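This report concerns only the one structure given below.
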Amino acid sequence: MNTPVIGVLALQGDVREHLIALAAADAVARPVRRPEELAEVDGLVIPGGESTTISKLAVLFGVMEPLRARVRAGMPVYGTCAGMIMLADKILDPRSGQETFGGIDMIVRRNAFGRQNESFEAAVDVKGVEGDPVEGVFIRAPWVESVGAETEVLAEHEGHIVAVRQGNALATSFHPELTGDHRVHSLFVDMVHANRATES
1 MNTPVIGVLA LQGDVREHLI ALAAADAVAR PVRRPEELAE VDGLVIPGGE
51 STTISKLAVL FGVMEPLRAR VRAGMPVYGT CAGMIMLADK ILDPRSGQET
101 FGGIDMIVRR NAFGRQNESF EAAVDVKGVE GDPVEGVFIR APWVESVGAE
151 TEVLAEHEGH IVAVRQGNAL ATSFHPELTG DHRVHSLFVD MVHANRATES
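At the far end of the sequence shown sits residue 200, using full-length UniProt numbering, and the numbering has no gaps.
Right under this line is the structure:
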């Protein structure tokens, strides 16, 4: 099977770490900033950062609408931390003018786990990831307040939803790319492979 090409939205956030994790999970990884680069990938990772900044830059670089269209069309997409917020159909406490790409029927709360100085690591059991729990790095992390009927909860931490999947869209409120454990990225690469198989 041909190696999938997976982009990392390179507007803000820990882009390099995601590129490394995807390459370790046997994907061809490349940064994506413009619509023509988006058109060339089989899937996309939306990294952490600041969701309002990502929203504004996506409009500025002309990728907001093309990305929304590809998510609606079923392109596999994975969002971490702020990327989770960007994949939510609804934000509980949005900043003025803040937009999302959508794709997952969920309501998220921004900065739910506290500010930067309250960042922490925790072992998280993630459905679909075999072996030991995933070491989750939570940095100004959101959590999911509620999900729709089509959205599957993959993980919780202290009673709060921190990982979800709906169809070809995956999201975690933590950063697996910062730990050297590439199993969540491998799960996403498997999703991209499965999607390509159905399209071929």
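For glycine and all other residues, C-beta sits at the position ideal for the given N, C-alpha and C. Because the structure is a prediction, the values reported are computed rather than measured.
- Minimum Cα-Cα distance from G102 among the listed residues P133, D125, P66 corresponds to P66.
- Restricting attention to A58, S51, T52, G49, the CA atom closest to the CA of V32 is found in A58.
- Where S146 is concerned, there is no enclosing alpha helix (DSSP H), although the beta strand (DSSP E) around it starts and stops at 143-147.
- Here G136 is actually not in contact with L187; their C-beta atoms are around 14 Å apart, not less than 8 Å.
- Between N117 and R109, the alpha-carbon positions lie close to 18 Å from each other.
- The C-beta distance from P35 to V63 rounds to 6 Å, short enough to meet the 8 Å contact threshold.
- With contacts defined by Cβ atoms closer than 8 Å, L44 and V5 do not form a contacting pair.
- Taking the Cα of A39 as reference, the smallest distance to any Cα among V164, H157, M106, R68 is reached at R68.
- Per DSSP, the beta-bridge partners of M106 are V147.
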